[in-house]
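A.B. asks: Residue numbers (this note's numbering): 1192 to 1714.
In C-alpha cells form, the structure reads like this:
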C-alpha cells in the first residue's frame, strides 16, 4: 500500500519535472537572444506548395489553398494561381512547357514592390506533374512569425479593401510597364465577360485588355470599348491614369449617359441651326461664359462678319468689338461710352427681354433684341427693319401732309371710325368746339361729340339722326350762341368711317359786314 502511494508520487514528480524542463528548453529555443547567440535555426512558416496535372490541381498545402482562395480571378485553380504568379514572375508561364526537359528545378526570384526581401518560386516536373513552391527565403530558419491579433487585423483590412474594390462600380486595373494588365477589380472582369473580350468562359493570364495603352501622366480623357464584328453600341468611359513606381493604376468611369446627353444636345443644336438657317433674323446665342455657341447664316449677312470668326466661338465683347470695327453699331461718341452702353445691353438682356433700335452709319436700321436663356445664357436677335422704318416714316409723312391739308380747309371736319371713335379732326374743328383730340388721353366717341355739339347749339333734329344706327346722310342747320348759322352734314367714307362737317351758311357779303369771312375761326 505504501509502495503504491510512493510510486504514484514519484510518477507525478517526474512528470512535473519533465514538463518544466520542456518549457524552459522551449523558451530558450524561441528566445531571439539565445537563438542569435547559439545560431540555431528554427523552422519557418510552411511554404505554399502546389501539385498540378496539366491545369488540374492535385494537391496543395494550407498556405497554397489560402492563396488560391484570396485570388480575385474567376475560373479554375490554374488561372487563380497565374493571377498571383503572373505579375511577379512574368517568365513563369512561358517556362512551364520546358520543365520536363530540365534537370534542375526552375528557380525564379522577384522583388515585390514595397518589400525588403524577394519572393522565390521553384517549379519542377514530378513524374509528369508540376510541383510549384512559393516561399520567402528570408523567412526560412529565422523564426519569422506574425502574432495572431496582428495577422487578424491585416486580414480584416485586406478583406475590407477587396470588398470595397469589388463593389466599386468603376473599372479599376493595374498595368505593368509594358502595358500588360496584371490586376483588375470585379467590375473590370465583369465588363470583360459581358463584352466577351477573352472569347472563353474563363480568363487566362494575362488578363484581357479593354482599352488601348496610355502614356504616363495623361490627362483624363474619353475612351470607348468597341466590339469588333458585333452589332452593339459602344461603351464610353471617362479614363484616369496614375503612374506608379512600377506600372500604372487606371480608373474608368461609365460615361454612356454623358455621351448620350452630349449627342442629344449636338443633335438638338443641329436641328435648331437648320430651323434658324432660313430665318431672315440673325441669331446669336452666348453661353454663361459669354462665348458664342450658336448662330445662323442670317447673322453673317446682317453683321457682315466672317464665318471663320463666328465659328471660332468669340466672346460677346469680341463680337461687339468686331461689329464696331465693321460700323455695324450706332456711331459712338467715344469708346468708353460705347463700351458702357454695350455692357448695359448685356445686363439688360440677361435680366429679361430687352430691345433696342440701332440706326447704323450706313443708313440701315436694326432692331436688336436680347433674351435670357437657361443656365445663364443669353440670345441676341438682329433684325433689319430698314424697310419697315422707311415705310413708317413715309406713312407718318403722308399722315402729316394729310393733316396739313385738312387744316387748310375752311370747313370744320371730324372723322369717326366704324367703331364710333374719333379718328382725327382739323384745326378749325378743334377751335370751333374747343377740343384738343391730339393731346387727349381718353377716348372721344361720336356720342360724346354729339353731346358737346348739342350743348353748344341747343336742341336740333339732327342730333337724333346722328345718334341713329345709320347716321350717314344726316343734315341740318345749327345756330351758335352768338347768332351765327352753321350747316352740319354727315357723309360716309371708306372702311365704314363717318365724316361730319360744319360750315357757315351766311353769304359772303353778310360775312364782310360782320367783320370777316372766318366765322368758324372767330367762334
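Backbone N, C-alpha and C define an ideal beta-carbon position, used for all residues, glycine too.
(1) Expressed to the nearest angstrom, what Euclidean distance is found between the alpha-carbon atoms of residue 1570 and residue 1504?
(2) Can you confirm whether the segment 1480-1488 touches the segment 1505-1521 when touching is taken to mean that 3 or more C-beta pairs between the two stretches lie within less than 8 Å?
(3) Going by the beta-carbon positions, is the gap between residue 1619 and residue 1648 smaller than 8 Å?
(4) What would DSSP say about residue 1694, mapped onto helix, strand or coil?
(5) Could you tell me which uninterrupted beta strand (DSSP E) segments, each at least 3 residues in length, are contained entirely in the segment 1640-1683, listed from first to last along the chain?
(6) I want to know whether the segment 1650-1663 touches the segment 1623-1633 - three or more CB-CB distances under 8 Å.
(7) Output the boundary residues of the beta strand (DSSP E) element that contains residue 1616.
(8) Identify the residues that DSSP records as bridge partners of residue 1316: which are they?
(9) Do you know how far the Cα of residue 1415 is from the Cα of residue 1237?
(10) So for residue 1633, helix, strand or coil by DSSP?
(11) May I ask you to verify whether the segment 1356-1367 touches the segment 1423-1443, counting CB pairs closer than 8 Å and requiring at least 3?
(12) Could you name the residues of the same chain whose beta carbon sits closer than 8 Å to that of residue 1611, not counting the 5 residues immediately before and after it, in chain order?
(13) If residue 1688 and residue 1614 are in contact, beta carbons under 8 Å, what's the gap, nearest whole angstrom?
(14) Apply the 10 Å Cβ neighbour rule to residue 1497 and answer buried if 16 or more other Cβ atoms are within range, or exposed otherwise.
(15) What are the boundary residues of the alpha helix (DSSP H) that includes residue 1367?
(16) The alpha helix (DSSP H) with residue 1456 in it runs from where to where?
(17) Quick one: measure Cβ to Cβ for residue 1716 and residue 1378, integer angstroms, because I've assumed they're closer than 8 Å.
(18) Give every residue of the same chain whose Cβ lies closer than 7 Å to the Cβ of residue 1464, excluding the five residues on either side of it in the sequence, and list them in chain order.
(19) Out of 1555, 1252, 1248, point me to the one whose CA is closest to residue 1273's CA.
(20) Note down, in chain order, each residue of its chain lying with its Cβ closer than 8 Å to the Cβ of residue 1528, except the 5 sequence neighbours on either side.
(21) Quick check on the DSSP output: the beta strand (DSSP E) that includes residue 1416 runs from which residue to which?
(22) By Cβ distance below 8 Å, which residues in the same chain neighbour residue 1598 in space, the five residues on each side in sequence not counted?
(23) Which residues does DSSP pair with residue 1487 in a beta bridge?
(24) If we ignore side chains and look at the alpha-carbon of each, how far apart do residue 1434 and residue 1299 end up?
(25) Within this structure, are the beta carbons of residue 1596 and residue 1692 separated by less than 8 Å?
(26) Does DSSP classify residue 1610 as helix, strand or coil?
(27) Would you list the residues sitting across from residue 1248 in a DSSP beta bridge?
(28) So is residue 1684 buried or exposed if we call it buried at 16+ other beta carbons inside 10 Å?
(29) What residues are listed by DSSP as bridge partners for residue 1139?
(30) Only counting the same chain, and skipping five residues up and downstream in sequence, which positions put a Cβ closer than 6 Å to that of residue 1439?
(31) If you draw a straight line from the alpha carbon of residue 1254 to that of residue 1399, how long is it in whole angstroms?
(32) With distances taken from CA atoms, which of 1353, 1401, 1243, 1473 is nearest residue 1575?
(33) Can you give me the C-alpha to C-alpha distance between residue 1578 and residue 1536, rounded to a whole angstrom?
(34) Alpha carbons only, please: which of 1261, 1271, 1694, 1516 is nearest the one belonging to residue 1246?
(35) May I ask you to list the residues that DSSP assigns as paired with residue 1269?
C.D. replies: On the basis of the data shown:
(1) 14 Å
(2) yes
(3) no
(4) strand
(5) 1666-1670, 1676-1683
(6) no
(7) 1613-1616
(8) 1321
(9) 46 Å
(10) coil
(11) yes
(12) 1636, 1637, 1638
(13) 7 Å
(14) exposed
(15) Segment: none, residue 1367 is in no alpha helix (DSSP H) and carries neither H nor E.
(16) 1447-1468
(17) A query on residue 1716 cannot be resolved here, the shown segment of the chain reaching from 1192 to 1714 and no further.
(18) 1485, 1487
(19) 1248
(20) none
(21) 1412-1416
(22) 1617, 1618, 1619
(23) BP columns for residue 1487 are empty, so no partner.
(24) 27 Å
(25) no
(26) coil
(27) 1243
(28) exposed
(29) The chain is shown from 1192 up to 1714; residue 1139 falls before or after that span and cannot be answered.
(30) 1366, 1432
(31) 28 Å
(32) 1473
(33) 24 Å
(34) 1271
(35) Partner(s): none; residue 1269 has no beta bridge.
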